[in-house]
Ligand code: COA
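Numbering (my numbering), first residue to last: 179 to 885.
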């Protein structure tokens with residue numbers, strides 16, 4: 179037998195064990211090993227029953243995702259083996275633990291019985307990778323748990339716990355302790371009860387609670403909500419096939435639709451993000467085995483929107499937090515908002531009734547910095563002002579215990595300056611949360627010049643604990659995301675002055691799948707806030723010598739048009755609904771005249787997309803050139819998890835690869851001609867030019883001079 183799959187006889191039982199660390203993914207060699215084990219079991223009648231289990235931290239967690247992009251990939255060998263397992267004439271039980279996902283659950287469902295450790299999680303998360311459960315998951319799950327529950331699991335990709343799986347009929351029993359012993363006991367029980375094989379495929383799908391037009395309604399719903407994704411509609415078709423066709427025919431439908439998903443560009447993008455997310459946790463210069471510091475208690479300075487949201491992340495992960503404010507009133511207000519937030523979630527049924535109080539119990543308010551003395555990590559989230567943040571950093575350096583990590587939630591300021599102010603630069607780094615901090619998945623971790631490797635390792639691990647996607651950035655203005663945003667906002671404003679309306683700009687950008695275009699985004703964030711950043715940067719001499727640079731947002735602030743909160747911004751607001759406002763055009767015409775910008779008619783959506791997106795990609799290339807980001811995939815993660823870039827497009831750098839680097843470079847040149855380039859807005863980064871010349875892509879990263 180291969181060392182990945184073993185078959186061992188114990189009395190009348192045969193134990194098939196899969197051992198492919200870390201997560202027992204179904205590589206071709208594992209599939210081959212399972213097939214060989216089934217051959218041996220079939221050939222040996224002294225083996226009265228088969229137990230299928232896996233070694234290590236989990237049962238099989240799915241097909242090997244790294245295989246899916248290979249041109250000759252096929253599910254056929256695995257799927258054939260699954261049908262053979264189901265058709266065995268002697269009983270087969272799967273013993274489950276850990277995360278039984280995708281191909282793992284599909285293997286378990288082809289077995290006749292399933293027992294699970296109480297902590298097991300079971301799910302079909304393929305939809306999150308742009309594919310459908312292609313090893314008969316769409317056919318066997320509805321047969322076991324019914325149409326609605328099966329669709330719920332497959333369309334959300336969310337796993338369920340063993341308890342719910344037991345209730346739903348997905349597992350037959352929960353087993354504490356030694357799984358082998360549990361399997362033996364279970365099998366003995368079966369034999370005593372005179373029970374043999376029980377084949378999922380021979381069941382029919384219950385249609386008891388399924389309304390006659392259910393599939394049609396479901397299809398309409400997923401088309402509306404998830405129309406851009408390849409898998410959801412096809413999953414509904416597959417489940418309908420399960421309900422109406424015999425197993426083999428249903429499997430045929432599934433195989434065809436699976437393949438359509440697998441080769442789709444959307445799935446390729448989503449699979450790439452899966453690996454990018456894991457790759458991002460590997461940080462150059464930080465050894466994989468560096469021991470992280472324990473984080474048992476966290477301090478947060480500032481109970482404003484940001485501070486409160488940050489604190490919630492830790493309370494949600496059962497880590498106690500001390501929140502420091504300057505006045506009791508601010509503290510009460512901040513904690514009150516957090517409480518309301520939890521209560522609203524509980525009212526929607528998304529949090530158990532006792533949870534708001536329990537989580538609030540983990541948050542302590544204080545007016546005294548001394549209360550931070552026993553914290554392992556302190557994050558300051560005070561007003562974005564260098565002097566204030568320097569003072570706070572200095573106080574934290576004095577009050578925090580030795581070995582505590584000190585972090586700033588700055589979104590723009592120089593982390594090295596703050597690190598120096600703390601007097602403990604090795605313990606210092608940036609933790610840039612995105613608003614709302616308890617919701618947005620991105621955490622930009624800003625690595626200072628002197629940040630210690632174990633500090634970085636600790637925060638990367640902590641990010642995973644609190645459910646964030648960590649991406650490490652070097653120190654520069656705006657780090658990865660906000661720095662790239664600058665050129666995007668710059669062009670959207672120039673387009674307005676040249677003749678495009680905010681509504682047209684937003685519509686064009688939203689056609690890419692972003693939930694909001696730049697104008698709606700800034701209206702929501704506050705045009706006053708955005709304008710102040712521009713003004714500050716101007717004062718610091720950090721802006722191009724171009725009086726028309728971000729002139730629109732500054733004018734908006736001057737006019738008191740702060741966005742949604744004042745009812746007027748790039749749009750006029752009817753409640754929360756943006757309505758085009760002719761006044762904005764008047765403002766833009768006046769600005770264009772003032773700065774000598776030619777007005778044009780006929781600006782196309784394509785021009786808007788190119789002018790907003792291509793400079794952003796160009797800036798991404800500069801960020802790579804400078805070593806601010808370590809990989810193109812890190813940049814994509816920032817945009818997908820922090821700025822709403824659609825995952826099915828893989829992020830801006832992945833999208834650039836699909837458009838073509840040479841084409842992007844060519845269009846940057848084109849706009850340099852159209853608009854003139856005295857301020858260097860269109861100058862092509864060295865990296866992009868190098869790649870364009872040689873026909874390279876970001877996916878070829880790392881790009882070396884010999885390329
Ligand atoms: N195929 C290939 N590799 C996989 C994999 C899969 N299905 N699932 C996990 N891995 C790899 C990861 O890439 C990672 O590799 P690395 O250490 O080289 O970066 C390693 O296994 C550990 O995974 P990680 O996600 O870091 O561990 P975790 O304990 O946080 O989570 C899982 C474990 C199984 C919950 C998570 O990896 C997961 O959700 N995997 C995908 C499951 C899935 O979608 N299955 C259906 C596929 S069709």
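We put the beta carbon where it would ideally sit given N, CA and C, even for glycine.
All values reported here derive from a predicted model rather than from experimental measurement.
Start and end residues, alpha helix (DSSP H) containing residue 217:
206-221
Neighbourhood of residue 833 by C-beta distance below 6 Å, restricted to the same chain and skipping five residues each side:
Same-chain partners within the cutoff: 827.
Any contact between the region 650-667 and the region 779-788? By contact I mean 3 or more CB pairs, one from each, below 8 Å.
no
Would you kindly report the start and end of the unbroken alpha helix (DSSP H) that includes residue 604?
Segment: none, residue 604 is in no alpha helix (DSSP H) and carries neither H nor E.
Look up residue 375 in the DSSP assignment and say whether it is helix, strand or coil.
coil
Closest by C-alpha distance to residue 308, when choosing among 243, 237, 264, 326:
243
Could you give the uninterrupted runs of the alpha helix (DSSP H) lying entirely in the region 453-534, keeping only those of 4 residues or more?
Counting only runs of 4 or more, we get 483-494, 506-525.
Through-space distance from residue 467 to residue 200, alpha-carbon basis:
Rounded to whole angstroms, residue 200 and residue 467 show a C-alpha spacing of 16 Å.
Can you find the residues in the same chain that come closer than 7 Å, C-beta to C-beta, to residue 316, ignoring five residues on each side of it along the sequence?
310, 332, 413, 416, 417, 420, 432
Do you know offhand how far residue 377's Cα is from residue 272's?
13 Å
Contact set for residue 604: own chain, Cβ-Cβ below 6 Å, skip 5 residues either direction
Only 628, 630 meet the Cβ criterion.
Identify, in the order they occur along the chain, each residue of the same chain with its Cβ nearer than 7 Å to the Cβ of residue 298, setting aside the five sequence neighbours on each side.
Apart from sequence neighbours up to five positions away, the residues of its chain that approach residue 298 with a beta-carbon distance below 7 Å are 274, 275, 276, 278, 340, ordered along the chain.
Taking the alpha-carbon positions, what's the residue 614 to residue 816 distance?
15 Å
Distance CB(residue 712)-CB(residue 728) smaller than 9 Å
yes
Quick check: what's the CA-CA separation for residue 571 versus residue 694?
35 Å
Would you list, in sequence order, the uninterrupted beta strand (DSSP E) runs of no fewer than 3 residues that lie entirely inside the region 547-602?
List check, beta strand (DSSP E) in window: 555-558, 583-586.
Below 8 Å, can you find three or more Cβ-Cβ pairs linking the region 457-467 to the region 797-811?
With a cut-off of 8 Å, the region 797-811 and the region 457-467 count as touching, because enough Cβ pairs lie within range.
Give a single yes or no on whether residue 761 has its beta carbon closer than 8 Å to a heavy atom of the ligand COA.
no
Less than 8 Å between C-beta atoms, sequence neighbours within five positions excluded: which residues of the same chain meet that for residue 758?
679, 680, 681, 749, 750
Residue 876 versus 450, 471, 752, 302, residue with shortest Cα-Cα distance:
450
Report the three-state DSSP secondary structure of residue 651 (helix, strand or coil).
Three-state DSSP puts residue 651 in a strand.
Verify the contact flag: residue 240, CB atom, against every heavy atom of the ligand COA, threshold strictly below 8 Å.
yes
Whole-Å CB distance - residue 554 paired with residue 471, under 8 Å assumed
7 Å
Taking residue 219 as the reference, give the member of 261, 403, 266, 635 with the closest Cα.
266
Please report the Cβ distance between residue 228 and residue 268, rounded to the nearest whole angstrom; I am assuming they are in contact, meaning their Cβ atoms lie under 8 Å.
Between residue 228 and residue 268 the beta-carbon gap is near 7 Å, inside 8 Å, which marks them as a contact.
Residue 636 (DSSP reduced to helix, strand or coil):
helix
Residue environment, residue 545, which counts as buried when at least 16 other CB atoms sit within 10 Å
So residue 545 counts as exposed.
Taking residue 196 and residue 232 to be in contact with their CB atoms under 8 Å, please state how far apart those CB atoms are, rounded to whole angstroms.
So it is a contact: roughly 4 Å between Cβ atoms.
Is residue 494 closer than 9 Å to residue 619 when the C-beta atoms are compared?
no
Can you give me the C-alpha to C-alpha distance between residue 423 and residue 374, rounded to a whole angstrom?
26 Å
Mind checking which residues open and close the alpha helix (DSSP H) that includes residue 683?
680-688
In the DSSP output, what is residue 887 paired with across the bridge?
With the chain represented from 179 up to 885, any question about residue 887 goes unanswered, as that position is not in the structure.
When you compare the CB positions of residue 610 and residue 633, do they come within less than 9 Å of one another, or not?
No, they are not a contact pair.
What do you get for residue 480, buried or exposed, if any count of 16 or more other CB atoms within 10 angstroms of its CB means buried?
buried
How many angstroms separate the CA atom of residue 763 from the CA atom of residue 704?
19 Å
Proximity to residue 393 [Cα-Cα], best of 410, 212, 380:
410
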